[in-house]
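Heads up: the structure comes next, in C-alpha cells.
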Amino acid sequence: LLAQAQSFAVAVSLHAHGRQMLQPFGYALLAPSDAAAYDAHGEAMAEDNGYVHGPIADVLAPANGNSVDHLHATRGAEAWAFEIGTSFWPPMAEMLAAAETNTAALLRLIAWAGSDLHVTELSFVDLNGDGDGFPDPGETVEVRVAATNAGRGGVASTVSVELACADPGVTILAGQASG
Numbered sequence: 236l237l238a239q240a241q242s243f244a245v246a247v248s249l250h251a252h253g254r255q256m257l258q259p260f261g262y263a264l265l266a267p268s269d270a271a272a273y274d275a276h277g278e279a280m281a282e283d284n285g286y287v288h289g290p291i292a293d294v295l296a297p298a299n300g301n302s303v304d305h306l307h308a309t310r311g312a313e314a315w316a317f318e319i320g321t322s323f324w325p326p327m328a329e330m331l332a333a334a335e336t337n338t339a340a341l342l343r344l345i346a347w348a349g350s351d352l353h354v355t356e357l358s359f360v361d362l363n364g365d366g367d368g369f370p371d372p373g374e375t376v377e378v379r380v381a382a383t384n385a386g387r388g389g390v391a392s393t394v395s396v397e398l399a400c401a402d403p404g405v406t407i408l409a410g411q412a413s414g
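Heads up, the sequence shown is in my numbering, so the first residue is 236 and it goes up one at a time.
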C-alpha cells in the first residue's frame with residue numbers, strides 16, 4: 236500500500252453521501268491529541284463547503300477499521316473522510332456539483348500539507364517621528380511582520396518578505412527581508 240510506503244502530512248478519502256467531513260476517531264468517542272488543529276481546519280473548510288465536521292464516532296456512527304483512524308494513528312497524517320453529495324449513487328450532475336462544492340476545502344487541505352504561512356501581526360515602529368505607531372508624512376518607520384505556519388509539512392526554514400507600495404510619495408529604503 237502507498238500509505239505504508241510514504242509519509243503523508245494530510246490524507247483524504249471521498250465517499251458517496253452525507254455532506255460531512257469526518258476526522259478521527261471512529262472506533263471510539265476519543266479526541267486526537269491535535270484535536271484543536273482538526274477543529275480549526277474543519278471550521279475553515281466548512282466555510283467553503285457548508286458541511287458538518289467532527290469525529291466519525293460523533294458525527295456519523297462508531298466505525299472500526301476506517302482509513303481515517305489508521306492514517307492518523309499509524310502514519311501521523313491529518314486524515315479526513317469527506318461524505319459528499321446527497322445520495323449513495325449520485326447522478327453525474329450531482330457528482331460534478333459536489334466536486335465544485337468541495338474544491339476550495341480540498342485546496343485548503345492541500346495547503347496545510349506544506350508550509351502554510353499567515354501574517355498574524357503587522358506593526359510600524361516610528362524611527363524618527365511622533366511615536367504613534369502609524370506612518371506619517373516625513374517619518375521613517377520600520378515595518379514588523381509576524382507570521383505563523385498553519386501547515387503540517389514542517390518548518391519553513393527560510394521565509395522571504397518583500398515590501399512594495401504603489402504610492403509615489405512613499406520611499407522604501409529596504410524592501411526585502413528573509414529569515
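Even for Gly, the Cβ is constructed at its ideal location relative to N, Cα and C.
All values reported here derive from a predicted model rather than from experimental measurement.
S242 versus A314, G253, A334, E278, residue with shortest Cα-Cα distance: Your numbering for residue 242 matches position 7 in the sequence shown. That would be A314, whose Cα lies nearest to the Cα of S242.
Beta-carbon proximity of A333 to G320, cut-off 9 Å: Residue 333 sits at position 98 when you count from the first residue of the sequence shown. Residue 320 sits at position 85 when you count from the first residue of the sequence shown. The Cβ atoms of A333 and G320 lie closer than 9 Å to each other.
Proximity below 9 Å, CB of F323 to CB of H252: Here the question's residue 323 lines up with position 88 in the sequence shown. Here the question's residue 252 lines up with position 17 in the sequence shown. Yes, they are a contact pair.
Cβ-Cβ distance between A279 and R379 below 9 Å: Here the question's residue 279 lines up with position 44 in the sequence shown. Here the question's residue 379 lines up with position 144 in the sequence shown. By the CB criterion at 9 Å, A279 and R379 fall outside the cutoff.
Cα-Cα separation between A316 and C400, rounded to whole angstroms: The residue labelled residue 316 in the question sits at position 81 within the sequence shown. The residue labelled residue 400 in the question sits at position 165 within the sequence shown. Rounded to whole angstroms, A316 to C400 spans 43 Å at the Cα level.
Those runs of the alpha helix (DSSP H) which lie wholly inside the region 322-350 and span at least 4 residues: Entirely contained in the region 322-350, the alpha helix (DSSP H) runs reaching 4 residues are, in chain order, 327-347.
Which of helix, strand or coil DSSP assigns to G277: By 1-based counting over the sequence shown, the position of residue 277 is 42. Helix, per DSSP.
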